[in-house]
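Q: This structure is in structure tokens; I'll ask about it shortly.
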Amino acid sequence: MPPIFQVQAAIIEVSGIASGAVLLFALLIGHAICDFALQGEFLSLAKNRHANLAQFFGDKEVPRGLWFHALGAHSLIHAAPVWWITGSVGLAALEVVLHGLIDFAKCEGWTRFSTDQFLHVACKVTYVVVIGLNCPLATWHP
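With the sequence shown counted from 1, adding 7 to any position gets you our numbering.
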């Protein structure tokens, strides 16, 4: 039986500063879209286990573990442009983990908004470097 769909993405090659800058620019656009345009008020609050969600649930009990699912969904949303732009499932998987940890730290009050955004940008810079160095993580495909 043939697969329902087949992912066939080319890894973007970073052959110089200009191509690295273009790749970083694309990753930052993807981050901005996911962190601001696509993250509505519900997801923004629900990913924080300390948030008051009464405006969404009223007197009903908030589903147990909702924050974990909301944070996971938000992190997966962020992995999509990393995968689409770089063609690397390895970097996309890394984005799920790192984005989730960075946002969890912010929700716990361990970091502030500016630190949160700095760390997200640092991840994108690291992805460009990893691709530029042709590291196995960037080129791994199942």
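Note that CB positions come from ideal geometry on N, CA and C, so glycine has one too.
For residue 62, which three-state DSSP category applies?
A: Taking the first residue of the sequence shown as position 1, residue 62 is located at position 55. DSSP places residue 62 in helix when its eight states are reduced to three.
Q: For residue 131, which three-state DSSP category applies?
A: In the sequence shown, counting from the first residue as 1, residue 131 sits at position 124. Helix at residue 131.
Q: By the 10 Å Cβ neighbour count, where 16 or more other Cβ atoms means buried, how is residue 61 classified, buried or exposed?
A: Start at 1 with the first residue of the sequence shown, and residue 61 comes out as number 54. Burial call: exposed.
Q: Whole angstroms is fine: what's the gap from residue 68's alpha carbon to residue 56's?
A: Locating residue 68 in the sequence shown gives position 61, counting from the first residue. Locating residue 56 in the sequence shown gives position 49, counting from the first residue. Rounded to the nearest angstrom, the two C-alpha atoms are 14 Å apart.
Q: Tell me the start and end of each unbroken alpha helix (DSSP H) in the region 27-61 that is at least 4 residues and wholly inside, in chain order.
A: 48-53
Q: Comparing C-alpha positions only, which one of 102, 119, 127 sits nearest to residue 145?
A: Here residue 145 refers to the residue found at position 138 when the sequence shown is read from its first residue. Here the closest residue by C-alpha is 102.
Q: Between which two residues does the alpha helix (DSSP H) holding residue 103 run?
A: As a position in the sequence shown, residue 103 is number 96, starting the count at 1. Residues 96-114.
Q: For residue 81, is the classification buried or exposed, using 16 other Cβ atoms within 10 angstroms of its Cβ as the cut-off for buried?
A: Working through the sequence shown from its first residue, we reach residue 81 at position 74. Flag for residue 81 reads buried.
Q: Take residue 92 and list the residues in its own chain whose beta-carbon comes closer than 8 Å to its own, dropping the five residues that flank it on each side.
A: Translated into the one-based positions of the sequence shown, residue 92 becomes position 85. 19, 30, 33, 34, 37.
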